[in-house]
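Per the UniProt record's numbering, residue 1 is the first one in the sequence shown, and the count goes up by one each step.
All C-beta atoms, glycine included, are put in the ideal place defined by N, C-alpha and C.
Reviewing the structure listed below.
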Amino acid sequence: MLGYFLKRLLLILPTVWLIGSLVFLLSRIIPGRYSDIKTEAEMSAVGGGSFKNNRKIYLRQLQESGEDKPLFYFSVRNRAQPDTLKKVFPEQDQTLLQNLLNRHGNWPLVAAYYQSLTHLNAATEMSAGSTPANWQENVQTLFQTADPAVISHVLGELMVQTTTYKPKVAALQERFTQMQQHPKPIYLLTPRIRWHGSQNQYHLWLQGLLAGDLGKSIRFKEPVTRVIAEAIGNTMLLLAGSVALTFAVSIKLALALCRWRNGRSAVLNILYALDSTPLFILAQLLFTYLAGPGYLGWFPVFGLGEEEPASNWLEWILNRLWHLLLPALCLLLTSLPYITTQLYQNLQQVLNQQFVITARAKGLSEESVLQQHAFRNSLLPLITLFTGSLPGIIAGALVIEYIFGIPGTGLLLVDSVTGRDYPVIIGLVLLIATIQAFAHLLADYLYFLADPRTRLQPA
Numbered sequence: 001m002l003g004y005f006l007k008r009l010l011l012i013l014p015t016v017w018l019i020g021s022l023v024f025l026l027s028r029i030i031p032g033r034y035s036d037i038k039t040e041a042e043m044s045a046v047g048g049g050s051f052k053n054n055r056k057i058y059l060r061q062l063q064e065s066g067e068d069k070p071l072f073y074f075s076v077r078n079r080a081q082p083d084t085l086k087k088v089f090p091e092q093d094q095t096l097l098q099n100l101l102n103r104h105g106n107w108p109l110v111a112a113y114y115q116s117l118t119h120l121n122a123a124t125e126m127s128a129g130s131t132p133a134n135w136q137e138n139v140q141t142l143f144q145t146a147d148p149a150v151i152s153h154v155l156g157e158l159m160v161q162t163t164t165y166k167p168k169v170a171a172l173q174e175r176f177t178q179m180q181q182h183p184k185p186i187y188l189l190t191p192r193i194r195w196h197g198s199q200n201q202y203h204l205w206l207q208g209l210l211a212g213d214l215g216k217s218i219r220f221k222e223p224v225t226r227v228i229a230e231a232i233g234n235t236m237l238l239l240a241g242s243v244a245l246t247f248a249v250s251i252k253l254a255l256a257l258c259r260w261r262n263g264r265s266a267v268l269n270i271l272y273a274l275d276s277t278p279l280f281i282l283a284q285l286l287f288t289y290l291a292g293p294g295y296l297g298w299f300p301v302f303g304l305g306e307e308e309p310a311s312n313w314l315e316w317i318l319n320r321l322w323h324l325l326l327p328a329l330c331l332l333l334t335s336l337p338y339i340t341t342q343l344y345q346n347l348q349q350v351l352n353q354q355f356v357i358t359a360r361a362k363g364l365s366e367e368s369v370l371q372q373h374a375f376r377n378s379l380l381p382l383i384t385l386f387t388g389s390l391p392g393i394i395a396g397a398l399v400i401e402y403i404f405g406i407p408g409t410g411l412l413l414v415d416s417v418t419g420r421d422y423p424v425i426i427g428l429v430l431l432i433a434t435i436q437a438f439a440h441l442l443a444d445y446l447y448f449l450a451d452p453r454t455r456l457q458p459a
């Protein structure tokens, strides 16, 4: 049996690795890169600063995040695409260069045109007060368009607007003409496969993952593992309490439904109505009427109370449990209908089997038949219900934490998504995937304990 669990564990690890790898690669592909976000945060902290200083910050963040390296072990690009485009600052200029490259396919001439344009812009910005009207608007238009007709028109206007910068405008016009006269569209259609070896972003991330290092949070400036560790305690407390409470109530209610005859239909209808109510609506209703100051106000409105115990540990623990009671009740009411009805249907199927009829014929009480025969033979479906409902309960806990302001992984995930804190997002996805994968392993172990027939015998 130990060998079987080891094999399952070896299957779980590649699954978690694959999920984490996909999330990492997606986080580096989607717009708004990791280094750009860190640069924005740091430039805001220093109050903007000069262009030269901001560019230095950008390049440093690019190096620290590893984005100065290729994304993967190999890349497939067209022949015209350079490797240095991501080092251009600011980022919107990268869009301009990419659009020019897609039109002309000649990177050296595109780069020369851009360099001449930046020289013109830098020279005119130093004496912005002496430039003619609409000069800066025309220059900024050149930074925003790759349309040859628009560029030619703007360059013509710049040539007649001033004599001071006419040599620089003429040089820019010459670069533009060369770019127009020497296109290389074949480069855009010619693929180029490059092998980058281990010096790539994914390899560095994978090395950190194997060493337990998920990087630093952009928002908190702390290791991701520490940020998640500070939040996971509240989530695990909420999950453990709600799961235990849900299954305890579901088992008792399912057994009671098998005994009752008169009120069974009414209870099942209530359960079906609860099952049709979305979690966020149910949570908002309970939050408003049970915790709202304008209504009953029985429960705390927000958060978990004091972060650290002042003096009395017992009082602090009871206060925290009191804050978690209403969120746990929301999860209970959301998960209760499905688990109860499924368990009730399994019990009904077992009660119609021959061995139960025989037990009743022997004179056993209905309680003994339910507890000793029907329920014991429904343990395997109950285990399946446990592992099957766990992802839904985890997702529900994330929503509940956001609604009730509980500082757990759910609130952390929402804040990380809105703040584009990709290292924390990747860490949380890995955590949830690991919990889900190990839930299946736990189900196998519970099968092993519940039914001797599932135990593997040594060969």
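Fill in: Cβ pair count under 8 Å reaching 3, the region 416-428 against the region 204-220
yes
| said: Give me, in chain order, the residues of the same chain whose beta-carbon lies closer than 7 Å to that of residue 263; leave out the 5 immediate sequence neighbours on both sides. | reply: none
Practice problem: List the residues that DSSP assigns as beta-bridge partners of residue 76. | Solution: 193
Check your understanding: Is there contact here, the region 179-189 with the region 68-75, by at least three beta-carbon pairs under 8 Å?
Key -> no
Going by beta-carbon coordinates alone, are residue 406 and residue 283 separated by less than 8 Å? no
### Query
Looking at C-alpha atoms only, which residue of 437, 450, 449 and 226 is the closest neighbour of residue 8?
437
- DSSP three-state assignment for residue 362, whether helix, strand or coil: coil
Ranges of the alpha helix (DSSP H) found wholly within the region 129-181, counting only runs of at least 4: 135-144, 148-161 and 166-181
Next item on the list: Find the nearest neighbour of residue 278 within the set 330, 304, 363 and 253, judged by alpha-carbon distance.
Entry: 330
Taking only the alpha-carbon atoms, compute the straight-line gap between residue 92 and residue 143 and give it to the nearest angstrom.
8 Å
| request: Pair every Cβ in the region 332-351 with every Cβ in the region 242-262, then say whether three or more of these pairs are closer than 8 Å. | output: yes
Between the CA atoms of residue 21 and residue 222 - distance to the nearest angstrom: 22 Å
- Task: Would you check if the distance between the CB atom of residue 202 and the CB atom of residue 24 is smaller than 8 Å?
- Result: yes
* Asked: How would you call residue 258, buried or exposed, if buried means at least 16 neighbouring beta carbons within 10 angstroms?
  -> buried
| Residues that residue 223 bridges to, as DSSP identifies them | 216
Suppose contacts are defined by Cβ-Cβ distances below 8 Å. Is residue 394 in contact with residue 432 by that definition? yes
Exercise. Could you check the C-alpha separation between residue 297 and residue 291 for me, to the nearest Å?
Key: 4 Å
*With DSSP as the reference, label residue 433 as helix, strand or coil.*
helix
| Rounded straight-line distance, which links the Cα of residue 101 to that of residue 466 | A question about residue 466 goes unanswered here, because the residues of the chain that appear run from 1 up to 459.
Are the beta-carbon atoms belonging to residue 373 and residue 355 less than 8 Å from one another? yes
Which of the three DSSP states is assigned to residue 277 in this structure?
coil
Cβ shell of residue 442 (< 6 Å), same chain only, five flanking positions each side left out: none
Helix, strand or coil: which one does DSSP assign to residue 183? coil
Open item on the list: Taking the straight line between their C-alpha atoms, what separation do you get for residue 321 and residue 450?
Closed with: 32 Å
Note to self: Assuming residue 289 is part of the alpha helix (DSSP H), what are its boundary residues?
What the structure shows: That residue, residue 289, is in no alpha helix (DSSP H); it is neither H nor E in DSSP.
Please report the Cβ distance between residue 482 and residue 149, rounded to the nearest whole angstrom; I am assuming they are in contact, meaning their Cβ atoms lie under 8 Å. Past the boundaries of the shown model lies residue 482; the chain is included only from 1 to 459, so the question cannot be answered.
Q) So, is residue 108 buried or exposed, given that buried needs 16 or more other C-beta atoms within 10 angstroms? A) exposed
Own chain partners of residue 332 with C-beta closer than 7 Å, once the 5 adjacent residues on each side are dropped: 242, 245, 246 and 249
- Query: Which word fits residue 83, buried or exposed, when buried means at least 16 other C-beta atoms lie within 10 angstroms of its C-beta?
  - Reply: exposed
> Exposed or buried, residue 365, counting other C-beta atoms within 10 Å across all chains shown (16 or more means buried)?
Replying inline: exposed
Check your understanding: Under a three-way DSSP split, which group does residue 118 fall into?
Key -> helix
**OP:** Starting from the Cα of residue 77, find the closest Cα among 155, 120 and 189 and give me that residue.
**Re:** 189
*Between the Cα of residue 154 and those of 165, 138, 191 and 361, spot the shortest distance and give me the residue it belongs to.*
138
Please go through the same chain and pick out, in chain order, the residues whose beta-carbon is closer than 8 Å to the beta-carbon of residue 98, but skip the five residues on each side of it. 85
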